[in-house]
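One structure is given below, encoded as structure tokens.
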Amino acid sequence: MTTVDSFGSKGVLDVNGAEYEIFRLNKVEGAQNLPYSLKILLENLLRTEDGANVTKKQIETLAQWDPQDDPRHEIQFTPARVLMQDFTGVPCVVDLATMREAIADLGGDAKRVNPLAPAELVIDHSVQIDSFGNPDAIERNMEIEYERNGERYQFLRWGQTAFDNFKVVPPGQGIVHQVNIEYLARTVMTREVDGVLRAYPDSCVGTDSHTTMVNGLGVLGWGVGGIEAEAAMLGQPVSMLIPRVVGFKLTGSIPSGATATDVVLTITEMLRQHGVVGKFVEFYGEGVASVPLANRATIGNMSPEFGSTAAIFPIDQVTLDYLRLTGRTEENIALVEAYTKEQGLWHDPANEAQYSEYLELDLSTVVPSISGPKRPQDRIVLSDAKEQFRKDIHNYATESDDAGVGRPSHTVDVKMEDGREFELDHGAVSIASITSCTNTSNPSVMMAAAVLARNAVDKGLSSKPWVKTSVAPGSRVVTEYYEKSGLIPYLEQLGFNIVGYGCTTCIGNSGPLESEISQAIQENDLSVTSVLSGNRNFEGRINPDVKMNYLASPPLVVAYALAGSMDFDFDNDVLGQDQDGNDVYLKDIWPDPTEVQQIIDDSIDTEMFHTEYSTIFDGDQRWQSIDTPTGDVFDWNDESTYVRKPPYFEGMKETPDPVQDISGARVLLKLGDSVTTDHISPAGAFKSDTPAGRYLTEHGVARKDFNSYGSRRGNHEVMIRGTFANIRIKNQLLDGVEGGFTRDFTQEGGPQAYVYDAAMNYADQNTPLVVLGGKEYGTGSSRDWAAKGTALLGVRAVISESFERIHRSNLIGMGVLPLQFPQGESANSLGLDGTETFDISGITELNEGTTPATVHVTATHPEGKVTEFDADVRIDTPGEADYYRNGGILQYVLRQIASSEKN
Numbered sequence: 001m002t003t004v005d006s007f008g009s010k011g012v013l014d015v016n017g018a019e020y021e022i023f024r025l026n027k028v029e030g031a032q033n034l035p036y037s038l039k040i041l042l043e044n045l046l047r048t049e050d051g052a053n054v055t056k057k058q059i060e061t062l063a064q065w066d067p068q069d070d071p072r073h074e075i076q077f078t079p080a081r082v083l084m085q086d087f088t089g090v091p092c093v094v095d096l097a098t099m100r101e102a103i104a105d106l107g108g109d110a111k112r113v114n115p116l117a118p119a120e121l122v123i124d125h126s127v128q129i130d131s132f133g134n135p136d137a138i139e140r141n142m143e144i145e146y147e148r149n150g151e152r153y154q155f156l157r158w159g160q161t162a163f164d165n166f167k168v169v170p171p172g173q174g175i176v177h178q179v180n181i182e183y184l185a186r187t188v189m190t191r192e193v194d195g196v197l198r199a200y201p202d203s204c205v206g207t208d209s210h211t212t213m214v215n216g217l218g219v220l221g222w223g224v225g226g227i228e229a230e231a232a233m234l235g236q237p238v239s240m241l242i243p244r245v246v247g248f249k250l251t252g253s254i255p256s257g258a259t260a261t262d263v264v265l266t267i268t269e270m271l272r273q274h275g276v277v278g279k280f281v282e283f284y285g286e287g288v289a290s291v292p293l294a295n296r297a298t299i300g301n302m303s304p305e306f307g308s309t310a311a312i313f314p315i316d317q318v319t320l321d322y323l324r325l326t327g328r329t330e331e332n333i334a335l336v337e338a339y340t341k342e343q344g345l346w347h348d349p350a351n352e353a354q355y356s357e358y359l360e361l362d363l364s365t366v367v368p369s370i371s372g373p374k375r376p377q378d379r380i381v382l383s384d385a386k387e388q389f390r391k392d393i394h395n396y397a398t399e400s401d402d403a404g405v406g407r408p409s410h411t412v413d414v415k416m417e418d419g420r421e422f423e424l425d426h427g428a429v430s431i432a433s434i435t436s437c438t439n440t441s442n443p444s445v446m447m448a449a450a451v452l453a454r455n456a457v458d459k460g461l462s463s464k465p466w467v468k469t470s471v472a473p474g475s476r477v478v479t480e481y482y483e484k485s486g487l488i489p490y491l492e493q494l495g496f497n498i499v500g501y502g503c504t505t506c507i508g509n510s511g512p513l514e515s516e517i518s519q520a521i522q523e524n525d526l527s528v529t530s531v532l533s534g535n536r537n538f539e540g541r542i543n544p545d546v547k548m549n550y551l552a553s554p555p556l557v558v559a560y561a562l563a564g565s566m567d568f569d570f571d572n573d574v575l576g577q578d579q580d581g582n583d584v585y586l587k588d589i590w591p592d593p594t595e596v597q598q599i600i601d602d603s604i605d606t607e608m609f610h611t612e613y614s615t616i617f618d619g620d621q622r623w624q625s626i627d628t629p630t631g632d633v634f635d636w637n638d639e640s641t642y643v644r645k646p647p648y649f650e651g652m653k654e655t656p657d658p659v660q661d662i663s664g665a666r667v668l669l670k671l672g673d674s675v676t677t678d679h680i681s682p683a684g685a686f687k688s689d690t691p692a693g694r695y696l697t698e699h700g701v702a703r704k705d706f707n708s709y710g711s712r713r714g715n716h717e718v719m720i721r722g723t724f725a726n727i728r729i730k731n732q733l734l735d736g737v738e739g740g741f742t743r744d745f746t747q748e749g750g751p752q753a754y755v756y757d758a759a760m761n762y763a764d765q766n767t768p769l770v771v772l773g774g775k776e777y778g779t780g781s782s783r784d785w786a787a788k789g790t791a792l793l794g795v796r797a798v799i800s801e802s803f804e805r806i807h808r809s810n811l812i813g814m815g816v817l818p819l820q821f822p823q824g825e826s827a828n829s830l831g832l833d834g835t836e837t838f839d840i841s842g843i844t845e846l847n848e849g850t851t852p853a854t855v856h857v858t859a860t861h862p863e864g865k866v867t868e869f870d871a872d873v874r875i876d877t878p879g880e881a882d883y884y885r886n887g888g889i890l891q892y893v894l895r896q897i898a899s900s901e902k903n
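Number 903 marks the last residue of the sequence shown (UniProt numbering); no jumps.
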């Protein structure tokens with residue numbers, strides 16, 4: 001690509017005698033007034049200006065940004081690198097492998113399909129907690145992980161050798177976002193271009209929505225669907241509108257009783273209430289300097305939970321100190337400081353940028369909190385938790401309150417094979433898991449959990465016998481500092497043994513509950529709870545037996561394991577008695593923050609990071625002994641139930657057919673508000689009587705080897721059958737039914753059927769499908785299979801009241817049209833019950849190179865009533881229109897590569 005440099009911004013930066021080519025922002029009028037995040041975008045445009053994709057006009061528009069403007073100006077952002085985890089990364093590599101064959105079919109060279117930007121994949125989503133509460137748990141879980149996932153890991157090892165610019169971090173090394181901030185993130189990138197060493201801001205897109213954790217390091221990055229990530233890997237810029245930027249001022253400091261988790265739950269609640277979907281959030285002010293890097297990363301991590309695209313902290317001395325602690329070279333640290341100061345990217349609290357909207361939090365007002373029972377933004381002050389549980393339990397349990405305990409009660413006696421005997425009731429904490437990237441490498445909360453465990457053991461307390469306890473650190477460094485502090489034995493005494501280094505409970509890999517407990521829950525329809533230090537607590541996500549899920553800080557996870565129930569008031573209820581018979585309350589064992597900080601200072605050093613990351617790509621003996629295929633094109637195994645060639649490019653022509661209007665479509669599902677990508681494409685376990693279970697059984701897979709939907713994302717046959725199959729999804733075509741069911745109108749009377757089975761019947765009749773949704777359709781993870789599965793089921797359009805950013809984009813990327821009901825209207829207000837047939841006209845305008853603002857929808861009820869309305873077309877950029885016209889983003893990219901070869 002030839003850089004135009006209309007502004008003469010290209011220059012040289014000397015850092016201690018080393019020269020770097022840079023593109024100076026001060027050459028563009030207005031740049032100095034921009035927020036930090038938009039300055040990074042501006043440099044990106046200066047560096048990639050080519051007169052075609054990126055123009056002088058785009059650069060001037062961004063430099064003259066009006067904070068009060070609604071997003072309407074399109075720019076092309078070229079991320080410096082792409083980050084993947086294995087659940088979403090496997091289908092990415094599957095698609096790249098398939099594209100290599102497809103381009104050969106179009107007469108091109110298979111080797112042309114390669115990541116052009118550095119792409120790194122961390123295998124962290126596949127470990128499940130099968131073994132727990134014992135010293136051998138981590139070793140046993142890793143053994144099972146390799147047994148379950150051998151085919152996938154073999155495929156990823158092939159990808160590492162077949163593709164240039166692609167690296168894989170093997171299992172057992174840490175969680176992708178923590179590995180990113182501790183090792184992979186460059187903060188300031190360097191790359192040789194035309195024989196000159198160029199320096200520019202690190203930026204990334206990732207196939208996990210929590211890519212935003214790296215925002216805490218001053219790196220602009222966010223989650224995209226796998227299909228967008230593949231395009232970015234192949235050199236396609238990310239088409240985006242210049243966003244509004246919310247300035248979030250921080251003052252004060254966290255009080256001694258609160259944690260970083262409490263801060264992030266407070267911020268999540270504030271920003272969800274304010275409304276930041278599609279916006280950048282940028283933290284500024286005097287209070288920023290007092291926020292440790294680990295806390296910044298914790299806040300940045302939760303960006304998807306409050307809905308923003310990014311939630312970024314600027315670079316300052318705290319950033320440099322963290323880079324030094326984690327083992328970055330002095331040369332790199334010097335470059336980061338010099339470059340950011342030269343470019344006006346260094347945080348100066350006295351020099352306040354202009355923002356579109358403003359919020360402020362005095363950190364000293366934060367109080368201990370949890371969040372639940374099904375959304376991260378539903379914060380509950382800890383002192384109100386018992387009372388709130390007693391209100392919420394009525395939504396999950398049917399018994400009346402006549403048991404004399406002030407809430408529904410249904411006690412069940414459980415006898416375990418090992419001799420344990422106890423009673424279970426609604427609200428019992430069945431899982432207490434220190435898990436997920438959000439908190440599990442933040443030393444302040446991880447060490448606080450360990451100190452609380454020590455204090456509890458010293459008082460003679462123990463975890464309740466029905467609680468499945470676990471610790472899954474985000475980084476191997478955590479284990480090192482735990483061991484150095486001498487606190488591991490106390491955690492283990494309470495059952496909090498390390499079970500693996502991966503996402504585990506937060507992604508739905510909590511593993512099964514003990515069989516006797518599971519049986520008691522199912523037979524008595526108990527509404528039990530989980531408490532986890534993660535970022536996601538959606539319905540049906542954590543464990544099939546658990547209805548109510550709560551987010552909490554790591555020390556509170558331990559505290560809830562001691563309490564054993566959500567029906568517990570930590571201010572007034574007793575955790576147990578000490579050796580002298582005195583009552584013990586939470587306040588008696590709560591860690592002293594001064595002591596916690598002292599232990600951190602004494603236990604963490606740079607050498608730990610050097611030790612753990614020096615061999616990060618090597619893996620253990622299991623990884624190294626995998627038999628790895630060779631060759632530029634993957635040799636697909638027709639018998640594989642993990643990795644199969646998908647059908648996206650079958651019958652693809654060099655030029656796309658014109659897009660068509662939709663006629664005679666049926667409603668596959670009618671859904672309510674806040675339907676998540678987890679509802680659409682669950683990641684967890686599934687049963688043998690589901691379409692996915694039937695498929696695997698028919699292919700000779702035993703029930704115990706089903707693994708999870710997430711682990712089988714390389715097999716489209718499993719994933720289509722798992723689409724809209726979450727056990728908690730509620731399809732309003734059916735009354736009082738949960739799970740992946742719908743009405744099949746190909747049959748007389750429209751009987752109940754599995755969604756997959758009905759969709760296949762519609763396909764046999766060439767009947768197109770639509771989905772009706774409510775507000776915030778597609779919230780949650782950047783899950784490409786939520787869009788891929790939707791498309792492969794035959795859904796041509798989704799009509800909802802509003803969309804979450806990533807899923808809307810992914811639908812377009814798979815050739816599915818996102819439409820919105822007229823402002824203030826919904827399926828219910830229009831009287832639609834889902835039994836209608838739908839005709840959608842006006843789509844063909846896209847063939848003329850324009851995008852219609854609306855299309856006309858006609859819904860005809862079987863009794864003859866006709867409902868008509870104009871739906872807003874949510875194709876927001878010209879680039880998205882190109883993707884839709886091509887039938888999807890992958891088809892567009894493939895045609896671009898094939899065309900460039902011929903020219």
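Note that the Cβ used here is the ideal one computed from N, Cα and C, for glycine as well.
CA-to-CA distance, residue j to residue i, given in whole angstroms
i, j, result
"Pro709", "Ile144", "Contrary to the premise, residue 709 reads as Tyr rather than Pro in this sequence. Cα-Cα distance, rounded: 16 Å."
"Gly664", "Leu733", "18 Å"
"Phe838", "Ile729", "23 Å"
"Tyr754", "Arg694", "12 Å"
"Arg713", "Asn726", "15 Å"
"Pro368", "Ala561", "17 Å"
"Trp590", "Val264", "20 Å"
"Gly344", "Leu25", "8 Å"
"Lys775", "Gly672", "7 Å"
"Asp632", "Ala310", "36 Å"
Helix, strand or coil at residue i [DSSP, three-state]
i, result
"Glu357", "strand"
"Phe87", "helix"
"Met270", "helix"
"Thr606", "helix"
"Asn549", "strand"
"residue 905", "Any question about residue 905 goes unanswered here, given that the chain covers just 1 to 903."
"Val179", "helix"
"Met446", "helix"
Rounded distance between the beta-carbons of residue j and residue i, thought under 8 Å
i, j, result
"Asn707", "Arg644", "Not confirmed; about 15 Å, so no contact."
"Leu424", "Val412", "5 Å"
"Thr364", "Gly247", "The sequence as given places Ser at residue 364; Thr does not occur at that position. That belief does not hold up - the Cβ atoms of Ser364 and Gly247 are roughly 20 Å apart, past 8 Å."
"Arg152", "Glu269", "Contact flag wrong, Cβ pair sits at about 38 Å."
"Ile370", "Leu556", "7 Å"
"Tyr355", "Glu282", "7 Å"
"Arg808", "Pro818", "5 Å"
"Phe422", "Pro489", "Incorrect: roughly 25 Å between the Cβ atoms, too far for contact."
"Gln76", "Val893", "No, Gln76 and Val893 are not in contact; Cβ-Cβ is about 14 Å, not under 8 Å."
"Ala185", "Leu217", "5 Å"
Beta-bridge partners of residue i, as assigned by DSSP
i, result
"Cys204", "Arg81 and Gly221"
"Met240", "Ile75"
"Thr529", "Val429 and Met548"
"Gln752", "Arg743"
"Phe422", "Val414"
### Message
Measuring CB atoms only, is the stretch 769 to 777 touching the stretch 789 to 800, in the sense that at least three cross pairs come out at less than 8 Å?
### Response
Contact between the stretch 769 to 777 and the stretch 789 to 800 is established, with three or more Cβ pairs separated by less than 8 Å.
### Message
Tell me whether the stretch 445 to 452 and the stretch 591 to 606 touch, counting them as touching only if at least three CB pairs, one residue from each stretch, are closer than 8 Å.
### Response
With the cut-off at 8 Å, the stretch 445 to 452 and the stretch 591 to 606 touch.
### Task
Assess, as a yes-or-no matter, whether the stretch 572 to 588 is touched by the stretch 545 to 553 under the definition of 3 or more beta carbon pairs within less than 8 Å.
Taking 8 Å as the limit for Cβ pairs, the verdict is that the stretch 572 to 588 does not touch the stretch 545 to 553.
### Query
Using 8 Å as the threshold, is the stretch 864 to 879 in touch with the stretch 85 to 101, meaning 3 or more CB pairs across them?
No, because fewer than three Cβ pairs between the stretch 864 to 879 and the stretch 85 to 101 fall closer than 8 Å, the two stretches do not touch.
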